[in-house]
Structures are given as structure tokens and as C-alpha cells.
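Here this note's numbering is used: the first residue of the sequence shown is 1103, the next is one more, and so on.
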Amino acid sequence: MFKSKDFIFMDVVSVEGKKIGFIRDLLIDFNKGKVIGFVISPYKFFHKNLSVLKEDIVYFNKHMVVKKVEKNKYLCLHSFINMDVIDKSRNVFGMVEDITFTYDSFDIKGVIVSSGFITNLLRGKRIMLINELILGEENLLYISSCNEYSFKSMAHNFFVEGKANEKN
């Protein structure tokens, strides 16, 4: 699984080897639950941001090689980062911090929700499934399909007694 942080500031190069810029943001289709591309910030001053769609990406690792870029506008990840996630009763779960998506198809699997530094350390960050969220203008609405399961990202336990989990 990828996070947006795996791509931010990655250099983007054309197939011809020309440096285009660096990745500044992700392009999202929230209704389909997919990352459809990336926003590229050019290295040249006074040039507008560019977009590269997933199907125009040839390769990526430390750098991204692309066939073509365009100037279209799409929904960006940062347009809903830091939005509150609420339920029908207006209870606030926290703020959107990041997303996780698959390696091959770039399907968004979860939205990472932070509820504050201390709470994150004690209880972990919540990971909400994309199909349980509705994007609004000011908030994300959480509609739980089942209350049996709750996903969390927990902090690692650095203070293990007797180092019982270490390999010799």
C-alpha cells in the first residue's frame, strides 16, 4: 500500500529525459475511490501546475517517467486534507491526515484520520474505509456499514520489557 507521502516531492521526468518538475499533490476521484494522477509543480518560475494521469505514467521509483502532461484541473488530495470527519450526529472523529491506496490499480482503500497528537499516541490513528465516507464541502460524513470492526494505526511499543520481541 502507498500513502501520498510516498510520492510528494518525487522528481518527474519526460520519456525524452527532460526534467518537468516534482509531484506536489495527488489527483483524486473520490466517487470511484481512485487516485487518477498527480499534480506536478514545474521547476521553472511563473509556470502553472501541470497534471499527469495514471495512464500516462511509464515508470516510477525514485523518479517518475511520464509520456505526457496536461493543464487540466481535477480534485486534489489537499482540498480535503485537514477536513473534519463527522457522523450523522455531528460527532467529530478527527481530521483527515492521509490516504492509503493500492500498488497496481491505485484504488483508495482507506482514509487516515488523526484525532490529535496525544490521542494518536495512546489510541492510534483511525483508518476509515473510503466506501464509508461521503465528501462534503466542509466535512467528510462517516456512515458506518458495520460497528463490529475498527481499523487503527498504532504506535510501536519501544519499551518492551526484557526485549522479548527481539531476535537473537
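A virtual CB, placed ideally from N, CA and C, is assigned to each residue, including glycine.
Inset, instruction - Have a look at the DSSP bridge pairing and note the partners of I1188. - result: V1194, L1243
Inset, instruction - Locate the alpha helix (DSSP H) running through F1219, then write down its first and last residues. - result: 1219 to 1225
Inset, instruction - Look up S1181 in the DSSP assignment and say whether it is helix, strand or coil. - result: helix
Inset, instruction - Work out the CA separation of K1134 and D1186 for me, nearest whole Å. - result: 21 Å
Inset, instruction - Report the residue ranges of all beta strand (DSSP E) runs contained in full by the region 1121 to 1161; include only those spanning at least 3 residues, in chain order. - result: 1121 to 1131, 1136 to 1144, 1152 to 1155
Inset, instruction - Please name the residue in D1200, N1193, I1183, K1156 whose C-alpha comes closest to that of E1172. - result: K1156
Inset, instruction - Between the Cα of D1200 and those of F1219, I1188, R1228, spot the shortest distance and give me the residue it belongs to. - result: R1228
Inset, instruction - Classify D1189 as buried or exposed, calling it buried when 16 or more other Cβ atoms lie within 10 Å of its own Cβ. - result: exposed
Inset, instruction - Alpha carbon to alpha carbon, how far is L1223 from I1138? Give it in angstroms, no decimals. - result: 32 Å
Legend entry - Expected contact under 8 Å - CB spacing of I1142 and F1124 to nearest Å: 7 Å
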